[in-house]
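Below: one structure, written as structure tokens.
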Amino acid sequence: MKKILFIEEEKELQSVILKLFPKDQFRVIAAQDGVEGLQKCRNEEFDLIILDYQMPRLDGLRFYQQIRERGDDTPMLFTTAYVEEMKQKGLKWEKYEVVEKPYEASALLQKVNKLLGIGAPVKSDKLILNPGEILFDEGDEANSIYFIVSGVMKASKKISDGSYKELFQHGTGDLIGDTSVINGTPRILRVEAIEKTELVIIPSTKILSIVEGQPKWIKLMLESMSRRIDAGVKQIS
41 MKKILFIEEE
51 KELQSVILKL
61 FPKDQFRVIA
71 AQDGVEGLQK
81 CRNEEFDLII
91 LDYQMPRLDG
101 LRFYQQIRER
111 GDDTPMLFTT
121 AYVEEMKQKG
131 LKWEKYEVVE
141 KPYEASALLQ
151 KVNKLLGIGA
161 PVKSDKLILN
171 PGEILFDEGD
181 EANSIYFIVS
191 GVMKASKKIS
201 DGSYKELFQH
211 GTGDLIGDTS
221 VINGTPRILR
231 VEAIEKTELV
241 IIPSTKILSI
251 VEGQPKWIKL
261 MLESMSRRID
271 AGVKQIS
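One rule links them: number in my numbering = place in the sequence shown (from 1) + 40.
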């Protein structure tokens, strides 16, 4: 069982995020600010620390520095709306990731997977697409999701005049897919390569083994991606 320290002053957000972690697989300890988080780190060891960059009493940067200076290399995941400020200040130590606020559950969970070392795709087939090549089209059978090793893809929707409207792009490290993979419905978007792109193909039969013992996580990620697609489609309908 993985043990996570989650430091967040907003109680409502804290409550929502805590529900993402299955209780039979994770023990999540909550703290209200950096000082309380530091106290908990003195008494317990954690596999991961999730914390806000801006916190009362002791901010994320000073918390990070104090933890590292005492020789604790626990991976940390910062949540912040001030990504550029973090880049400017810089952190000389390693083993941390950043997710920008406001964030979707899938973005947070992918970073958690990476830091805990449990989110790499299983061994599978690879695919390379050149610019303009289509990965899948509207109406195609959904039997796989895809992990982008390198490159950029765009997702588009056919509109009334027969042309395609770009909704969003996928880049390195993104998963391409939605709940159609697990509920058997056809694809609702066209996805094609903008530049040369290398992908790992993950068949639907293997999806539940991507995150070993974490089927709820992959379902949450697919649902989050589906909501993003729905929002994009509504903008052009």
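From the three backbone atoms N, C-alpha and C, an ideal C-beta is built for every residue, glycine too.
Contact set for residue i: own chain, Cβ-Cβ below 7 Å, skip 5 residues either direction
| i | result |
| --- | --- |
| Met-193 | Leu-175, Gln-209, His-210, Ile-216, Val-231, Glu-232, Ala-233, Ile-234, Thr-237 |
| Pro-161 | Its pLDDT being 42, under 50, Pro-161 is placed unreliably in this model, and the value from its coordinates should be taken loosely. For Pro-161, where only same-chain residues beyond five positions count, the Cβ hits under 7 Å are Phe-187, Val-240, Ile-242, Ile-250. |
Which residues DSSP lists as bridging residue i, in chain order
| i | result |
| --- | --- |
| Trp-238 | Correcting the residue type first, residue 238 is Glu in the shown sequence and not Trp. Note: Glu-238 sits in a beta bridge opposite Ile-168, Ser-190. |
| Pro-243 | Ser-184 |
| Glu-85 | The partner list for Glu-85 (beta bridge, DSSP) is empty, contrary to what the question assumes. |
| Ile-47 | Ala-71, Leu-91 |
| Lys-198 | Tyr-204 |
Per-residue burial, residue i [other beta carbons within 10 Å of its own, 16 or more giving buried]
| i | result |
| --- | --- |
| Val-240 | buried |
| Met-41 | exposed |
| Arg-227 | buried |
| Val-56 | exposed |
| Pro-62 | exposed |
| Ile-89 | buried |
| Pro-115 | buried |
| Gly-191 | buried |
CA-to-CA distance, residue j to residue i, given in whole angstroms
| i | j | result |
| --- | --- | --- |
| Leu-9 | Ile-47 | Because residue 9 is not part of the residues shown, which for the chain are 41 to 277, the question remains open. |
| Gln-105 | Ala-195 | 40 Å |
| Asp-165 | Asp-177 | 20 Å |
| Val-221 | Leu-229 | 13 Å |
| Gln-54 | Glu-76 | 15 Å |
| Val-139 | Ala-145 | 10 Å |
Own chain, CB closer than 6 Å to residue i, minus 5 neighbours either side, in chain order
| i | result |
| --- | --- |
| Lys-43 | Arg-67, Phe-86, Asp-87 |
Distance cut-off 7 Å: residue i Cβ against heavy atoms of the ligand ATP
| i | result |
| --- | --- |
| Glu-140 | The ligand ATP is not part of the structure shown, which contains no ligands of any sort. |
Same chain, Cβ closer than 8 Å to residue i, neighbours up to 5 away in sequence not counted
| i | result |
| --- | --- |
| Asp-99 | Gly-74, Tyr-93 |
| Pro-171 | Ala-233, Ile-234, Glu-235, Lys-236 |
- So, do the segment 210-230 and the segment 182-190 have three or more beta carbon pairs nearer to each other than 8 Å? yes
- Given 8 Å, three or more beta-carbon pairs between the segment 84-94 and the segment 106-119: yes
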